[in-house]
Amino acid sequence: MRLHVTFDPMRRILFLLLVIASACRAQSSFTVIPLGIKGGTDESNLSSYAVAAAGSDQYVCLDAGTLHAGIQKAIVKKTLRGDATAWLRKNVKGYLISHPHFDHVAGLIINAPEDSSKYIYGLESCLSVLKDKHFSWRSWANFANEGEKPTLNKYTYQTLTPAVEVRLTNTSLYATPFVLSHVSPNESTAFLVRNGENYLLYLGDTGADRIEKSDKLNQLWKAIGSLIRDKKLTAIFIEVSFSNEQAETSLFGHLTPTLLAEELTSLSLYCGKDSLKNFTIVITHMKPLGDREQKIKNQLNKSNALGVKFVFPEQGKAMKF
């Protein structure tokens, strides 16, 4: 006896559409390679995240505290192949610098002699320090196209305007900067990186609005709320430098788990609490001292009333979003 099974053509079409939709959702939009993840002490592991459109080998670095050592770590872990200097020269197409503190620019400065020509993107408040203090012949050779003469013209400064998107040269990515407060009135930057219709948000160092007596984070949350609600924002990279034991008077423009929870609650007012459930929050810039990093992780999980997904990056290990 032969059994004949027939399928309703409409059901078959619906099934195929569901399979295609599921596959599309599973595809990542960004590859991020953490070249440095910490906020101090270890000079070989300071804030720097290489990001590219998924499937591309054209990266830009979100900050550049560590470059060569982080690329070498990624090669050891088989995330990358080849020679670290060659990869830096060929595959890193530019640098988005949130602010000019050494733990965010040291790798850029030290590697400049062996680097290739590319762009440095930043707010005027950031680039002015690079021009006047870091890439000057008083402290280092001037590898850029502006500042103290003679200029070696390896790097080209591109001054960003807050809330105005720019194309990142030699990549398919775009970025929109937002001003942050890092020990008011000093500025840092958040970069909203776009690939097609999908986004990734990276914040440089930032204090909480309540502590900084600022509305910079609130303005950022307002700007990105709909992207979370519409599932276009894939992840937020945000710093938590200190555990809750750090006095609020000694934060120096940084966050604790308690302050991050406050800010995520503020964010939920613009995107809705349900939109934040299982949403990816990548924790950056932890300042190592004793068991502080483990305390931060424990305190974050304990204060996670909104049910976000905390991710702790590992130097040299690729992340997909």
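Residue numbers for the sequence shown, in numbering that gives the first Met the number 0: 0 to 320. Just so it is clear, CB atoms sit at the ideal spot from N, CA and C, and this is done for glycine as well. This structure is a prediction, so every number in the text was calculated from the model and none was measured.
Sub-8 Å separation of residue i and residue j beta-carbons
{"i": "glutamate 238", "j": "aspartate 204", "result": "yes"}
{"i": "valine 321", "j": "valine 31", "result": "Residue 321 lies beyond the residue range present for the chain, which begins at 0 and ends at 320; the question has no answer from this structure."}
{"i": "serine 274", "j": "isoleucine 223", "result": "no"}
{"i": "glycine 315", "j": "glycine 69", "result": "yes"}
{"i": "alanine 85", "j": "leucine 79", "result": "no"}
{"i": "lysine 92", "j": "asparagine 197", "result": "no"}
{"i": "proline 287", "j": "aspartate 41", "result": "yes"}
{"i": "alanine 174", "j": "tyrosine 120", "result": "yes"}
{"i": "phenylalanine 142", "j": "leucine 151", "result": "yes"}
{"i": "threonine 257", "j": "serine 302", "result": "yes"}
{"i": "proline 236", "j": "leucine 191", "result": "Rather than proline, the amino acid found at residue 236 in this sequence is phenylalanine. Against a cut-off of 8 Å, the Cβ pair of leucine 191 and phenylalanine 236 comes out as no contact."}
{"i": "glutamate 147", "j": "tryptophan 139", "result": "no"}
{"i": "glutamate 164", "j": "serine 124", "result": "no"}
Nearest candidate by alpha-carbon position, reference residue i, set the options
{"i": "serine 249", "options": "Thr30, Leu199, His103, Ala207", "result": "Ala207"}
{"i": "alanine 162", "options": "Lys212, Leu219, Ser115, Tyr118", "result": "Leu219"}
{"i": "leucine 95", "options": "Trp136, Thr188, Ser27", "result": "Thr188"}
{"i": "leucine 126", "options": "Ser97, Asp114, Pro312, Asn300", "result": "Ser97"}
{"i": "glutamine 157", "options": "Glu247, Leu122, Asn141", "result": "Leu122"}
{"i": "asparagine 90", "options": "Val75, Phe278, Tyr198, Ser55", "result": "Ser55"}
{"i": "isoleucine 280", "options": "Val310, Cys270, Thr257", "result": "Val310"}
{"i": "leucine 66", "options": "Ser46, Asp229, Lys231, Leu179", "result": "Ser46"}
{"i": "glutamate 211", "options": "Glu186, Cys270, Thr233, Val182", "result": "Val182"}
{"i": "phenylalanine 251", "options": "Ile109, Pro184, Cys270, Ser135", "result": "Pro184"}
{"i": "isoleucine 36", "options": "Leu159, Glu113, His284", "result": "His284"}
{"i": "lysine 272", "options": "Lys296, Leu299, Ser225, Asn243", "result": "Ser225"}
{"i": "aspartate 278", "options": "Lys221, Ala52, Ala304, Pro99", "result": "Looking at the sequence provided, one finds phenylalanine at residue 278 rather than aspartate. Nearest C-alpha to phenylalanine 278: Ala304."}
{"i": "leucine 107", "options": "Ser43, Arg166, Pro176", "result": "Ser43"}
{"i": "asparagine 297", "options": "Thr155, Thr255, Pro99, Lys132", "result": "Thr255"}
{"i": "serine 171", "options": "Glu313, Asp114, Gly195", "result": "Gly195"}
{"i": "aspartate 229", "options": "His253, Asn243, Cys270", "result": "Cys270"}
{"i": "histidine 133", "options": "Ile109, Lys76, Thr155", "result": "Ile109"}
{"i": "serine 180", "options": "Glu247, Ser115, Leu202, Glu164", "result": "Leu202"}
{"i": "lysine 153", "options": "Ala52, Gln26, Ser115", "result": "Ser115"}
{"i": "glutamate 247", "options": "Asp131, Tyr48, Arg209", "result": "Arg209"}
Boundaries (first-last residue) of the alpha helix (DSSP H) holding residue i
{"i": "valine 104", "result": "101-110"}
{"i": "threonine 30", "result": "Segment 29-35 is the beta strand (DSSP E) holding threonine 30; no alpha helix (DSSP H) there."}
{"i": "serine 267", "result": "256-270"}
{"i": "valine 75", "result": "67-75"}
{"i": "alanine 83", "result": "83-90"}
{"i": "isoleucine 96", "result": "First-last for isoleucine 96: undefined, no H or E at that position."}
{"i": "arginine 80", "result": "Where arginine 80 is concerned, there is no enclosing alpha helix (DSSP H), given that its DSSP letter is neither H nor E."}
{"i": "asparagine 300", "result": "291-301"}
Exposed unless 16 or more other CB atoms sit within 10 angstroms - verdict on residue i
{"i": "arginine 193", "result": "buried"}
{"i": "alanine 22", "result": "A caution first: alanine 22 carries a pLDDT of 48, below 50, which makes its placement in the model unreliable, though a value can still be read off. Label assigned to alanine 22: exposed."}
{"i": "glycine 306", "result": "exposed"}
{"i": "aspartate 82", "result": "exposed"}
{"i": "leucine 2", "result": "Because the pLDDT of leucine 2 is 47, which lies under 50, any placement of that residue in the model is unreliable, and the question is left without a value."}
{"i": "phenylalanine 241", "result": "buried"}
{"i": "serine 28", "result": "buried"}
{"i": "methionine 318", "result": "buried"}
{"i": "leucine 268", "result": "exposed"}
{"i": "alanine 20", "result": "Legend: pLDDT at alanine 20 = 47, less than 50; position of this residue unreliable, value from coordinates given subsequently. When all chains shown are included, alanine 20 counts as exposed."}
{"i": "aspartate 290", "result": "exposed"}
{"i": "glutamate 262", "result": "buried"}
{"i": "asparagine 300", "result": "exposed"}
{"i": "proline 149", "result": "exposed"}
{"i": "glutamate 244", "result": "exposed"}
{"i": "alanine 111", "result": "buried"}
{"i": "valine 75", "result": "exposed"}
Continuous beta strand (DSSP E) stretch holding residue i: start and end
{"i": "lysine 308", "result": "308-310"}
{"i": "proline 122", "result": "A small correction: the amino acid at residue 122 is leucine; proline does not occupy that position in the sequence shown. Per DSSP, leucine 122 belongs to the beta strand (DSSP E) from 117-122."}
{"i": "glycine 38", "result": "Careful: glycine 38 lies outside any beta strand (DSSP E) and carries neither H nor E."}
{"i": "leucine 61", "result": "58-61"}
{"i": "alanine 49", "result": "47-52"}
{"i": "valine 281", "result": "279-283"}
Q. What are the start and end residues of each continuous beta strand (DSSP E) run of 3 or more residues lying completely inside the stretch 156-233, in chain order?
A. Runs of the beta strand (DSSP E) inside the stretch 156-233: 173-180, 186-194, 197-202.
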